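I have placed the structure first, in the form of structure tokens, so that the comments after it can refer back to it.
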Amino acid sequence: MEILKRIEELKKEKNAIILAHYYQNADIQDLADYVGDSYFLSEIGRDSDAEIIVYCGVKFMAESAKILSPEKTVLFPVHGDATCCMEHQATPGLVEEMKKKHPNAKVVTYINSSSEVKAVSDACCTSSSAINIVENIDADEIIFVPDQNLASYVAEQTTKKIIPFDGQCNVHHKVTLKNIESLKEQHGELEILAHPECQKEIRDISDYVGSTAGILKYARESKKNELIIVTEKGIEHQLRKDSPKKKFYFPHMICSPMKRVFVESIAEALETNKGEVIMDQRLIEKAKRALLNMHKYAGG
Ligand code: SF4
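For the sequence shown, the working numbering gives the first residue as 4, with consecutive numbering after it.
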């Protein structure tokens, strides 16, 4: 408990705020000032008076916070490599190749991507804003990067031509119908809530498909007491806080890069600025353009 006290002192002394993604370990969520989806947290960081943002998540999230708040110190308190697998799949070179093949297309990039890929994109999107952005951006052909499952989810709901990049979240993509059926066999009548990073066969049998924040809201409001949740298991902590009487079942879904933040690494970062996110100013400006376009095109 000494260490928690020390973190509180350091936060006050240095005017710092701690942000944690829903997929973080429960102890990290509990000590954070805010818990949420990645982009929501970046906006919280930008809008707060804090001079230091401690971002507990994966690398692209900490970088998005830095892009939105370049004047602030962003600390990324991780042990080892904490990058989302989709940050490695798409590269600026591969996106440029797709652009050459489809010169009339605009590039819409899921926020789960490297800053370098954002910098060569026309607009970013989140899982909840993807459909609106594709609908509102001024092109009939969209190169959708990097998640092929989110791309196919969007394609089902637009008449525009979606050209998907061949990437995926290794945690969501590997869930199979068999995994869900075996959970259904073990339990009674229940609802299935899935993230759009899941494959079509999972989305098709789900009662609800949406972002982590959307899943939390649906689960809170659902009349059913037993739900299968098809997204990363870290979300269970918030689900149980919101609805302690409900039962939640998960297929095996653990994102190991998300589990590389520790109470000790947060304390160390606050003491020494270890893990400070340093980004090239030109990269910040180019990636920011795509993030701001997300707001421009997100309206209904
Ligand atoms: S769960 Fe998947 S999309 Fe989310 S951070 Fe982990 S690897 Fe990336």
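In this text, a Cβ means the ideal position worked out from N, Cα and C, and glycines have one as well.
As the structure is a prediction and not an experimental result, all values here were calculated from the model.
DSSP three-state assignment for residue i, whether helix, strand or coil
i, result
"LYS227", "coil"
"PRO199", "coil"
"PRO167", "strand"
"PHE63", "helix"
"ILE281", "coil"
"ILE70", "helix"
"ALA126", "strand"
"ILE47", "helix"
"ILE55", "strand"
"LEU193", "coil"
"VAL178", "coil"
"THR76", "strand"
"ASN139", "helix"
"THR275", "helix"
"GLY302", "coil"
"PRO106", "coil"
Contacts around residue i, its chain only, beta-carbon distance under 7 Å, and the 5 residues preceding and following it disregarded
i, result
"ALA142", "ASN107, ALA108, LYS109"
"GLU159", "none"
"ARG263", "VAL81, HIS82, GLY83, ALA85"
"GLU90", "LYS62, PHE63, SER116, SER117"
One or two residues paired with residue i in a DSSP bridge
i, result
"PHE147", "VAL111, PRO167"
"TYR37", "LEU22"
"LYS250", "GLU229"
"VAL304", "Only positions 4 to 303 of the chain appear in this structure, which leaves residue 304 out of reach."
"VAL212", "ALA197"
8 Å CB neighbourhood of residue i in its chain, flanking five on each side removed
i, result
"VAL266", "ILE6, LEU7, ILE10, ASP30, ILE31, LEU34"
"ILE183", "ILE195, ILE205, ILE208, ILE231, VAL233, PRO254"
"GLN241", "TYR25, GLN32, VAL38, LEU219"
"LYS181", "none"
Same chain, Cβ closer than 6 Å to residue i, five either side skipped, listed in chain order
i, result
"PRO73", "ILE287"
"PRO167", "PHE147, GLN151, ALA154"
"ASP36", "ILE20, ILE21"
"LYS14", "none"
"SER124", "VAL110, THR112, ALA293"
"ASN296", "ALA126"
"LYS164", "GLU144"
Classification of residue i by the beta-carbon crowding that lies within 10 angstroms, buried from 16 upward
i, result
"HIS198", "buried"
"LEU196", "buried"
"LEU273", "buried"
"LYS291", "buried"
"THR275", "exposed"
"GLY191", "exposed"
"ARG285", "exposed"
"ILE70", "buried"
"VAL121", "It is Lys, not Val, that sits at residue 121 in the sequence shown. Its Cβ being crowded by 16 or more others within 10 Å, LYS121 is buried."
"HIS175", "buried"
"THR129", "buried"
"GLY96", "exposed"
"PRO260", "buried"
"ILE56", "buried"
Proximity test, Cβ basis, 9 Å: residue i and chain C
i, result
"GLY170", "In summary, chain C is missing from the structure at hand, where a single protein chain is found."
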